[in-house]
Structures are given as C-alpha cells and as structure tokens.
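Residue numbers (the working numbering), protein chains in the order written: chain A, 458 to 720; chain B, 2 to 364.
Beta carbons are placed, not taken as given, at the ideal position from N, Cα and C, and that holds for glycine.
Bear in mind that the values here come from a model prediction, so they are computed numbers and not experimental data.
Below is one structure, written out as structure tokens, with a few remarks after it.
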Amino acid sequence: MNTPAPANPFEQLAYNIALQIQDGMIVYVGTGLPMVGAMLAKKTHAPHITLVYESGGQDPWEGPMPWSVGGAATFRRAPMSMEMAHSFAMAANGFVDIAFQGAAQIDMYGNLNTHFIGGDFHNFKSRLTGSGGGNDLSSLSETFVLVGLQDPSKFPVKLDFLTSPGFLNGGNSRMEAGLLGKGPQSVVTQIGVMDFEPESKRMRIKGLNPYCTVEIAQACTGFELIVPEKVEEIPAPPEDILMVLRKEVDPHKIFIEFPPRVK
Amino acid sequence: MSAKFFYNEEALDNLRISDPSVLDRLIDHESFRENNLKKSRLKVDKRMSLHDAIAKYVEDCDVVADSGFSYVRTPLQAHFEIWRQQKKNLQYIGSPNTIHSFAVFTGCCNYTHNSYCGAEMRGTDRQFSKAVQNGKTKILSEWSHGSMGLGFKAAQYGEPYVAAHQLLGSDIIKYNPYVKEVKDPWNGQPVALIPALHPDVCIIHCQQADMYGNGKIFGPAVNDIAVAFASRKVIITCEEVVPELSIRFDNSNTVIPFMIVDAVVELPYGCLPGSCPGHYYWAREWWEWLMRIATKNDVAMQDFVDNWIFGCKDQYALIDRLSRDMGGFGYVDNLRRMEKAEEYLIEDSGVDFTYEPVIPKWD
Numbered sequence: 458m459n460t461p462a463p464a465n466p467f468e469q470l471a472y473n474i475a476l477q478i479q480d481g482m483i484v485y486v487g488t489g490l491p492m493v494g495a496m497l498a499k500k501t502h503a504p505h506i507t508l509v510y511e512s513g514g515q516d517p518w519e520g521p522m523p524w525s526v527g528g529a530a531t532f533r534r535a536p537m538s539m540e541m542a543h544s545f546a547m548a549a550n551g552f553v554d555i556a557f558q559g560a561a562q563i564d565m566y567g568n569l570n571t572h573f574i575g576g577d578f579h580n581f582k583s584r585l586t587g588s589g590g591g592n593d594l595s596s597l598s599e600t601f602v603l604v605g606l607q608d609p610s611k612f613p614v615k616l617d618f619l620t621s622p623g624f625l626n627g628g629n630s631r632m633e634a635g636l637l638g639k640g641p642q643s644v645v646t647q648i649g650v651m652d653f654e655p656e657s658k659r660m661r662i663k664g665l666n667p668y669c670t671v672e673i674a675q676a677c678t679g680f681e682l683i684v685p686e687k688v689e690e691i692p693a694p695p696e697d698i699l700m701v702l703r704k705e706v707d708p709h710k711i712f713i714e715f716p717p718r719v720k
Numbered sequence: 002m003s004a005k006f007f008y009n010e011e012a013l014d015n016l017r018i019s020d021p022s023v024l025d026r027l028i029d030h031e032s033f034r035e036n037n038l039k040k041s042r043l044k045v046d047k048r049m050s051l052h053d054a055i056a057k058y059v060e061d062c063d064v065v066a067d068s069g070f071s072y073v074r075t076p077l078q079a080h081f082e083i084w085r086q087q088k089k090n091l092q093y094i095g096s097p098n099t100i101h102s103f104a105v106f107t108g109c110c111n112y113t114h115n116s117y118c119g120a121e122m123r124g125t126d127r128q129f130s131k132a133v134q135n136g137k138t139k140i141l142s143e144w145s146h147g148s149m150g151l152g153f154k155a156a157q158y159g160e161p162y163v164a165a166h167q168l169l170g171s172d173i174i175k176y177n178p179y180v181k182e183v184k185d186p187w188n189g190q191p192v193a194l195i196p197a198l199h200p201d202v203c204i205i206h207c208q209q210a211d212m213y214g215n216g217k218i219f220g221p222a223v224n225d226i227a228v229a230f231a232s233r234k235v236i237i238t239c240e241e242v243v244p245e246l247s248i249r250f251d252n253s254n255t256v257i258p259f260m261i262v263d264a265v266v267e268l269p270y271g272c273l274p275g276s277c278p279g280h281y282y283w284a285r286e287w288w289e290w291l292m293r294i295a296t297k298n299d300v301a302m303q304d305f306v307d308n309w310i311f312g313c314k315d316q317y318a319l320i321d322r323l324s325r326d327m328g329g330f331g332y333v334d335n336l337r338r339m340e341k342a343e344e345y346l347i348e349d350s351g352v353d354f355t356y357e358p359v360i361p362k363w364d
C-alpha cells in the first residue's frame, strides 16, 4: 500500500480540533472545520459524544456533513428537535460541555469579533455577519474553543468590536461581568494550539504543529504570546486517522482541500 | 416625536438614533394586547391567495419578523411577494436575518434589527455591508441569536422581559437600545434584561395547517413558535392544507393554534429557493450565485433580483427558471429525494449529493 500524502494544514487543524473533544461530551457545533473536527472525534477517540445545533437539531443519526447548522443533517432522524431559545438554554443550564467558534478577530484574552473590520460601527472597512449564536455560546457554554487562521491582523491587540466574550480584560473580569462557564479553553489555528495562562488569562502557546516554531507563532500574532517553559510538539495525525478524515468525514473535500476551494 | 419607552442613551448615541420613537412598536405590549382583543374569535376559513394575504396583512412601516432559519423553512416566496408589492419603510427582525439583505436591496426594508446576516460557509454578505454603510438600511439594534430568541419567548409567555446571562461584557449591549444591564435582585450579580419583542407581522411556513390556522411544524422550530405568539398579525403559508380532523386525530407537531392566525395560504414549494424539512432540499446554485456573484455589486444584484424575484410571479416560475436544463419535474424530484435522503426518511446510499459549483472555481 502506498503511503498517504502527509496532512495538509486544514487536515492538521481538523485533527487538533478533534483532540479538544473528550468522549462523552455534549458538543455544540457550527459549520466548517469545527464540524469536521467534531465528526472526526466521533469516528475515532470520542464515539459517545452528542452533537447539538443552534437551530434546534440535536443528536442526529450519523450521516453526511451538514452544509448549514439548520440543514437536514442536523436533525436527521433526531429523537427530537428543539427551539433556538431552548438550545441556548441548554448551554445556560449546563448541558453544553464544549462549543467551537470562528472569528475574524481574536484578542489576547480570547474575546471575539464577528461584527466588522476596520473603522467604526458606521464606517467600517467590511461588515461581517454579526453575532449569530456566537455571543450566546461564549457567554453560556462550560467552555469553548476558538478556531481560526492566525495572522497579526486576525490576532490584534485590540478588537474593532467585542462580539463574544472570552476572558474580557483578563483576571476575574469574565466572572465579575456575570458570564457563565469557565471561558475559552484553547485556540486552535494552523500554528498549533494555544491556551490561557490561569492567572492573567492571557493567551499562551501550548503546543506547536510539526515544522512550526515559537518565532513563527509570534510572527503570526499581533500581540505578545506567553511562551511556557516547555512547548509541546503536536504530532501529525496518524495514518489511520488521516484516512478516516479523508474517506469518511469529508470525502468530497469540502473543507479539507488545500488550497481551499472557493465556496 | 417623543418615544413611549426609556431606551439606553448610550446605545441610542452609538447607533445615531435621533428619533427613538421608531423603536416603540417592537416592545409595545399595550398595543399588542389591544390588537389581540380585537382579533376575530371565529373559527372560519382563513384561506386566501399569497397576493391577498400580503396585500392585506403586511402594511407599510410594519415590523416584519423573519422566520425559519435563513434558508431552512423560511417562507421566502412570501417575502418575495412583500418585495414585489413594494411595501415601504419596513423594519425587519429575525434570528438569523439573512434575508434582510435582499429586502434592503428591493427598497422595502429601511430598518434592521440585526443578529446574523450571511449564509454561513457560503460567506458574508457584501450587499448588506454596503447597505449599512451607505444608510440604505439603518441598524436599530444588535442582538445574538439566543438573546433575541428570549425576547420572543418573553412575548409568548406574556412576560414584560426576561433576565439573561448573555450579552454581558460585550459591545453588542452598547448597540442595543432595548437591553438593560441591572443587578439581579436575588444575588446582586449583573444580568441583562431583554424585553418582550412584538413584531407587527410574521409569516410562518408550516408543512401542514388546516383552513382555520392550526399549524404543524416538522423539524427544528427555530424561533417560530415564539414569533407566532409574539406577533400582532400571523400569516401561515403551508405545503398543504389538511382537514381539521386529521390534525385532531394526530395533534403531534401542532404548535400554532387557530386563534392567533389571520391568514392561511396553501403554498407548495413556498420555501424555495430554501429548503423545507420533509419536503425539499435547497437550490444550492441559487445561493452560490447570490453570495458569489450577486452581492458583489449593485448591477449584479439588480440583475439577480430582477431575474429571481421580480421576474418570477410565483414559486412555479422560479422552479422553471432553476430547472432550465432538466425540466421542472426532474429538478423538483431531485430536491425532494435529497432532502428525504439527508433526513434519512429514504435510503440515502443511492442519492447523489455531489455538487459542482455553477461558477468556475477561480473566476
């Protein structure tokens, strides 16, 4: 048998996302790479996770990758579907263990911006979607993971707009604001995985992907990353897991094709 | 005009709202209750054409609720009809509010209550971005999905407001004149008070309804149950009108009672070009065209709107246009098979989901 091609950056990202999930968790997913990561986790080390979606779908029967968080695959033969207010209430009431979020900007405390880039609310460079369920999940879930492609403009010192709270100004400010849950547990990007220093709640390098260095990580970031004494080396996905990802999770390469397909 | 309610001054300043009375309708419970007391109590045949329902129940300056989920069980054909009838000065509210973008472009929607305008992985909506920037629509309030959903729920349950944990610490709360941060009287912790939200009119697409307006929803209800109870006027569009007895014999999934409903429109394929659970998949090429080509500039968007909204008198005209190459029946049958296969109502292994973009990759 031929050796499969090594993991491309998206495949590595999906693998790193999957590793954030522990078996048995209730996982709140959006579309895109987080969905790929969650599916990969379910088909490998975490077969007993339950997937829930904001439009009300929950625990769908295994099947194709949903194109939308409201699409048929999110309520495929689901035992029940709920309303949107209920699905976020489940997060508030402690039934969502982990959620995933993408963002146009992420700051050093894990706060997110999905509103606009550049300028101000009325005169911006580009307007984005707005919160969607992002603010709810980051305010209410027990923890969440931020997912994105890391460069200095996407990881700025200051957000143009704070859509979804991470650790706000660091320290205890998240708890004092009245928000629920532990706050973001990690940030997963093409560089590797970052977490947050427990006291200051500032972003810290946890592990780096193969071929990535602390210097590269810092060059991709607009603020100073905390570097721990020991930086983990994240392994490339093992061949069998890579095969599951390519053949079963995203066989049409909708998300894991590199360079990315124009959607 | 002075406003009826007390709004957050900071948010009014940030949003540059000089006349806050424009915000009143959405949280005016008094007029909502008066409206409901005047509603006919009679269980009568409420069926009418889509044209007549929109002409009668959607009025200029109404606050219109978006329903379904962007392109899932959203009554798109009914909204197209609102725009074809060129209603004026509407406020649109919804979670998500993806369709606001075309509502704005058609000149009908001057005000937006925003939570999410875009099409997920299909991309952000550059038309909406531009419309906000050049003032074609004014954002009156910013929300998250969950917080807006709670506002509709408060209305459904007859509560003046609910206290919530979301929005706290974010900039959204600084751009929402309705939401107030206060201390929870029981424990002194900060909470966000979200008022009951009362749109003037909503259109809910049900898979089944009877002629009186008892409506069934299959699949995620999203915010629609709450929105129906929260709105002053309720139009149901449905895939099929069924005998009242069939709903009485099996009342599972009945979520809308007849007394709150004003009009029932039998409208098969009423969610196209979006999808309807149990019935049909979405027209993927339509959305691809919209997000990748049409939203790029005004000329392209005008072409798009002329072709697909103003140029189609109803859903069947849209189907004909979508299915140019394969014929309407083949096209629709394929959509039905894909939806049912993805829901696993039929065996899915023989159904082909591959999708080749209609627009060349690196255009």
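Are the C-beta atoms of A/T586 and some chain B residue less than 8 Å apart?
yes
Beta-ladder partner(s) of A/F573, from DSSP:
A/R584
Could one say the Cβ of B/I173 lies closer than 8 Å to chain A's Cβ atoms, at least one of them?
yes
Looking at the C-beta of A/T620, does it have a partner C-beta in chain B at a distance below 8 Å?
yes
How about A/G638 and A/K658: are their beta carbons less than 8 Å apart?
no
Please look up how many angstroms separate the CB atoms of A/R533 and B/E344, rounded, as I've assumed it's under 8 Å.
Indeed, because the Cβ distance is near 5 Å, the residues count as touching under 8 Å.
Inter-residue spacing [alpha-carbon to alpha-carbon] between A/A674 and A/I648:
For A/A674 and A/I648, the distance between alpha carbons rounds to 6 Å.
Write down every uninterrupted run of the alpha helix (DSSP H) in the stretch 607-654 of chain A whose length is 4 residues or greater and which is fully enclosed by it, in chain order.
630-633
Proximal residues, the stretch 216-231 of chain B versus chain A, C-beta separation under 7 Å
G220, P221, A222, V223, N224, I226, A227
What number of angstroms, rounded off, separates the C-alpha of B/D364 from the C-alpha of B/V266?
The pLDDT assigned to B/D364 is 41, lower than 50, so where the model puts this residue is not dependable; a value taken from the coordinates is nonetheless given after this. Using only the alpha carbons, I get a separation of about 41 Å.
Which whole-angstrom value describes the C-beta separation of B/V163 and B/K154, a residue pair presumed to lie in contact below a C-beta threshold of 8 Å?
7 Å
Hey, out of B/D211, B/N177, B/D25, whose CA is closest to B/S3's CA?
Across the set B/D211, B/N177, B/D25, the C-alpha of B/D25 shows the shortest separation from the C-alpha of B/S3.
Separation of B/E11 from B/P186, as counted between CA atoms:
So the two alpha carbons sit approximately 23 Å from each other.
Spatial neighbours of A/G664 in its chain, beta-carbon cut-off 7 Å, leaving aside the 5 residues before and after:
G649, V650, V688, E689, E690, I691
Using three-state DSSP, classify B/S1 as helix, strand or coil.
Because chain B in this structure spans residues 2 to 364, residue 1 of chain B falls outside the shown range and cannot be described.
Taking 8 Å as the limit between beta carbons, can you name the residues of its chain near B/W287, skipping five residues before and five after?
P274, W309, L323
Between the Cα of B/R285 and the Cα atoms of B/K5, B/F81, B/H52, B/A120, which residue gives the shortest distance?
Closest option to B/R285, judged by alpha-carbon separation, among B/K5, B/F81, B/H52, B/A120: B/A120.
Our contact map puts B/Y93 next to B/V23 with C-beta atoms below 8 Å; I'd like the distance itself, whole angstroms only.
Between B/V23 and B/Y93 the Cβ distance is about 13 Å, and since that is not below 8 Å, they are no contact.
Which term fits B/Q128, buried or exposed, when burial requires 16 or more other beta carbons within 10 angstroms of its beta carbon?
buried
Which residue wins for smallest C-alpha separation from A/G520, given the options B/I360, B/V352, B/E357?
B/V352
Contact between the stretch 523-532 of chain A and the stretch 220-234 of chain B (3+ Cβ pairs under 8 Å)
yes
What does the alpha-carbon distance come out to for the pair B/F81 and B/A264?
17 Å
Does B/F70 have its Cβ less than 8 Å from a Cβ in chain A?
yes
Nearest-angstrom Cα distance between B/K217 and A/A693?
Those two C-alpha atoms are separated by around 49 Å.
Rounded to the nearest angstrom, what separates B/D46 and B/A54 at their Cα positions?
13 Å
For A/D593, return the contacting residues in chain B, with the cut-off set at a CB-CB distance below 8 Å.
S145, H146, G147, S148, Q167
Which residue wins for smallest C-alpha separation from A/T620, given the options A/E654, A/L569, A/G481, A/I478?
Of the candidates A/E654, A/L569, A/G481, A/I478, the one whose C-alpha sits nearest the C-alpha of A/T620 is A/L569.
Beta-carbon separation (whole angstroms), B/S145 vs A/G605, contact threshold 8 Å:
B/S145 to A/G605, Cβ: 19 Å. No contact.
Reduced DSSP category for B/W363 - H, G, I as helix; E, B as strand; rest coil
Because the pLDDT of B/W363 is 48, which lies under 50, any placement of that residue in the model is unreliable, and the question is left without a value.
Need the endpoints of the alpha helix (DSSP H) that A/P491 sits in, please.
490-500
Between A/V486 and the rest of its own chain, which residues show a CB-CB distance below 8 Å, the 5 nearest in sequence each way excluded?
M492, A495, L508, V509, Y510, V526, A556, F557
Let me know if B/H199 comes out buried or exposed under the rule of 16 or more other beta-carbons within 10 Å of its beta-carbon.
buried
Is the stretch 542-556 of chain A in contact with the stretch 234-242 of chain B, if contact means three or more CB pairs nearer than 8 Å?
no
Suppose the cutoff is 8 Å on Cβ atoms and the five residues either side in sequence are ignored; what does the same chain contact list for B/L169 look like?
E182, P191, V192, A193
DSSP puts B/M292 in a beta bridge; with which residues?
In the DSSP assignment, B/M292 forms no beta bridge with any residue.
Tell me, to the nearest whole angstrom, how far the beta carbon of B/N90 is from that of B/C118; I am working on the premise that it is less than 8 Å.
With 8 Å as the limit, B/N90 and B/C118 do not qualify as a contact, their Cβ atoms being about 19 Å apart.
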